[in-house]
Amino acid sequence: MSLHLFLLATFVNIASGTILPDSTLATPFESLENHSFARPTEAEVKHIELDLKVDFTKKVLA
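Whatever position you read off the sequence shown (first residue = 1), add 1321 for the working numbering.
Here it is, written out as structure tokens:
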């Protein structure tokens, strides 16, 4: 009987500490962008094309 009570108490202790409200969890961007007006969750890049000419003698990308 004491084993059952011990297991029940352990389960209740573990279960009570794992549930957090959603408002307390920070998104990754909230913790990184605290000094900016950027809204990275609203930005969406669909396609990027980069066409560069390389001049190795001058070490220039154009």
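Backbone N, C-alpha and C define an ideal beta-carbon position, used for all residues, glycine too. Computed from a prediction, not measured in an experiment: that's the story for all the values here.
In the three-state reduction of the DSSP assignment, V1333 falls in the helix class, which pools H, G and I. Annotated three-state conformation of L1373 is coil, per DSSP.
If the five residues before and after V1375 are omitted, its C-beta is found closer than 7 Å to the C-beta atoms of L1382, all from its own chain and listed in chain order.
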